[in-house]
Amino acid sequence: MLAHMRIALVVAAIAFTYQAIPANAQTAARVSNATVTDWSSFRGPEHQGVASSKNLPLTWSSSENVAWKVALPGPGASSPIVSGEHIYVTCYSGFFVPGEEGGSQENLKRHLLCLDRSSGKSVWEKVVPAKLPEEERIRDHGFAANTPAADRDMVICFFGKTGVFAFDHSGKQLWTADVGSKTHGWGTAASPVIYGDLIFINASVESESLFALDRKTGREVWKAQGIKEAWNTPVVVQNVDGKPELIVATQGSIQSFDPKSGKQLWTCATDITWYMVPSVVAHEGIVYCLGGRSGVASLAVRTGGSGDVTKSHRLWTSFKGSNVTSPVFLDGNLYWMNDNQQIAFCADAKTGELHYEQRMNRAGQVYASALLAGDRVYYLTREGKTFVVAARPEFEQLAVNDLKDGSLFNGSMAVDGDRLLIRSDKFLYAIGK
14 MLAHMRIALV VAAIAFTYQA IPANAQTAAR VSNATVTDWS SFRGPEHQGV ASSKNLPLTW
74 SSSENVAWKV ALPGPGASSP IVSGEHIYVT CYSGFFVPGE EGGSQENLKR HLLCLDRSSG
134 KSVWEKVVPA KLPEEERIRD HGFAANTPAA DRDMVICFFG KTGVFAFDHS GKQLWTADVG
194 SKTHGWGTAA SPVIYGDLIF INASVESESL FALDRKTGRE VWKAQGIKEA WNTPVVVQNV
254 DGKPELIVAT QGSIQSFDPK SGKQLWTCAT DITWYMVPSV VAHEGIVYCL GGRSGVASLA
314 VRTGGSGDVT KSHRLWTSFK GSNVTSPVFL DGNLYWMNDN QQIAFCADAK TGELHYEQRM
374 NRAGQVYASA LLAGDRVYYL TREGKTFVVA ARPEFEQLAV NDLKDGSLFN GSMAVDGDRL
434 LIRSDKFLYA IGK
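Residue numbers (the working numbering): 14 to 446.
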């Protein structure tokens, strides 16, 4: 009898713990099998760019509020991730490295670094030779732009035509998968997404396809074709009926798929004629998408539809958006910074109408996506400046922080507890106490 009572108490405690986790954190746990404190994939566990910590640092410099700084073996536009006791980040070397003469495609390698979470010290490193031929050059961001993804068992890396690689947390390679052999002058950038027993890979560059791979073996489970001009990372959202949809933005349309079967659920015209780089964000069954350099540059779509939903589910379009950076959502508003115009935006998510568009002084280009933490939005520029603004419809600049180190900052910020992780082409910084 006593043993049965103990078991019942344990089960009740587990149930209470799960119920106490907010709904969005429950979704994150189901999607990635990662702990809710881990920043285990591009833009965090739910791919929305939202940090759970409200104690991230407000101010820092190259000599202030830097917990540690680690030299990297090469550049990269990927973001660091956090899983368990480790931080993972990818780089490349051997060919087309900014500031380095010489090099050849034969020497092109990708690096996966595993670092100690508390100190930044190296735990292990894996080097993956490139499958040749590659592009002769990659515009702006090089050969390591895809952010890894991790769960409790493994780390997934996507290196374009070189393939998808799974490593365990000791560095042992578990499997590799081929998702296409094409290349592009803009490189490849979409990051892996772990969803239960599946891994989603947007291989638009490599084969104009969206893949679902078996998490344990890397074998293809399903493939959707016709994914054109899409550099964004797919996002699993809960639709208006509480069911999951896998969303990817392509040239001319947003597409939704059943994550388990790969069946296309709906498409919506964007009226954006450019390639699509920003990843979508979602709230209460509404998907918000940025993209393009001119004309229509953002839109909102209600999920849960079937077929072409352009007339029935597209809620609004706007000429204000961004060609590269992804937005964040808070309290009915969208926040983002345009990649080239040096302008920060806040828009009403219901209508798309702007609350403000504020030019930022000497911001320069921005490739990193917005990060939301509590009542602050963080914007990292390619020069290493971070503009911190209040997350409310009235513009207020709270701080400007500079980490300029003579290289480019192309990756988005990551979060490690109450620290920020910022990578440049030269260093990985842990910002905070």
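Backbone N, C-alpha and C define an ideal beta-carbon position, used for all residues, glycine too.
Residue i - DSSP class collapsed to helix/strand/coil
i: V337; result: coil
i: K122; result: strand
i: S269; result: strand
i: S331; result: strand
i: H182; result: coil
i: K82; result: strand
i: H99; result: strand
i: T280; result: strand
i: S106; result: strand
i: T48; result: Summary for T48: the model assigns pLDDT 47, below 50, so the residue's position carries little reliability; its value from the coordinates is reported in the next sentence. In this structure, T48 counts as coil in the three-state DSSP scheme.
i: M426; result: coil
i: A36; result: Note on A36: pLDDT 37, under 50, position unreliable in the model; no value is reported.
Run of the alpha helix (DSSP H) containing residue i, from where it starts to where it stops
i: E219; result: 217-220
i: H296; result: Segment 294-296 is the beta strand (DSSP E) holding H296; no alpha helix (DSSP H) there.
i: S311; result: It is not in any alpha helix (DSSP H) - S311 instead sits in the beta strand (DSSP E) that spans 311-315.
i: S325; result: 323-326
Outcome for residue i when other beta-carbon atoms lying within 10 angstroms are tallied against a minimum of 16
i: N252; result: buried
i: L22; result: With a pLDDT of only 36 at L22, under 50, the local geometry of the prediction cannot be trusted, and no value is derived from it.
i: R436; result: buried
i: V249; result: buried
i: M426; result: buried
i: M14; result: Since pLDDT at M14 reaches only 39, below the 50 mark, its modelled position is unreliable, and no value is offered.
i: K195; result: exposed
i: E409; result: exposed
i: L71; result: exposed
i: T399; result: buried
i: R395; result: buried
i: N374; result: exposed
i: V140; result: exposed
i: L441; result: buried
i: F332; result: exposed
i: P247; result: buried
i: F55; result: buried
i: R372; result: exposed
i: P205; result: buried
i: A80; result: buried
i: P161; result: buried
i: R130; result: buried
i: K363; result: exposed
i: T230; result: exposed
i: S45; result: With a pLDDT of 43 at S45, under the threshold of 50, the modelled position of that residue is not reliable, and the figure given next carries that caveat. Counting Cβ neighbours within 10 Å, S45 comes out buried, since at least 16 surround it.
Closest residue to residue i among the options (Cα-Cα distance)
i: V341; options: N78, Q61, I169, G200; result: Q61
i: N336; options: G173, A403, A262, M426; result: A262
i: T323; options: G345, N351, T280; result: T280
i: F109; options: G89, I356, D271; result: G89
i: K276; options: A313, E149, V234; result: V234
i: S132; options: W349, I100, I169; result: I100
i: G200; options: P257, Y208, V290, R130; result: V290
i: D153; options: R389, Q378, V428; result: Q378
i: D284; options: W329, D344, A179; result: W329
i: S183; options: E98, D227, G265; result: E98
i: N423; options: L211, T230, Y392, R432; result: Y392
i: L449; options: V309, D388, R432, V314; result: The requested residue 449 does not occur in the structure, where the chain is confined to residues 14 to 446.
i: K439; options: V95, A64, E113; result: E113
i: R232; options: V192, H197, D321; result: V192
i: P86; options: D51, S135, P58; result: S135
i: F178; options: R432, G304, L125; result: L125
Near the ligand NAD: residue i beta-carbon under 7 Å from a heavy atom
i: W279; result: With respect to the ligand NAD, the structure offers nothing, as it holds no ligand at all.
First and last residue of the uninterrupted beta strand (DSSP E) at residue i
i: H368; result: 367-372
i: I435; result: 432-436
i: A90; result: Premise fails: A90 is in no beta strand (DSSP E) and is neither H nor E.
i: D361; result: 356-361
i: Y348; result: 346-350
i: Y442; result: 440-444
i: L71; result: First-last for L71: undefined, no H or E at that position.
i: I285; result: Careful: I285 lies outside any beta strand (DSSP E) and carries neither H nor E.
i: V300; result: 299-303
Any C-beta of chain D under 8 Å from that of residue i
i: F171; result: No chain D is present in this structure, which holds just one protein chain.
> What are the start and end residues of each continuous beta strand (DSSP E) run of 3 or more residues lying completely inside the region 378-410, in chain order?
Replying inline: Listed in chain order, they are 384-386, 389-393, 398-403.
>> Quick check on the DSSP output: what are the complete beta strand (DSSP E) runs of length 3 or more inside the region 115-173, in order along the chain?
In response: List check, beta strand (DSSP E) in window: 122-129, 135-142, 167-171.
>> To test your reading of the DSSP string, which unbroken beta strand (DSSP E) runs of 3 or more residues are found completely within the region 177-264?
In response: Fully enclosed beta strand (DSSP E) runs of 3 or longer: 177-181, 186-190, 206-208, 211-216, 222-227, 233-238, 248-251, 257-263.
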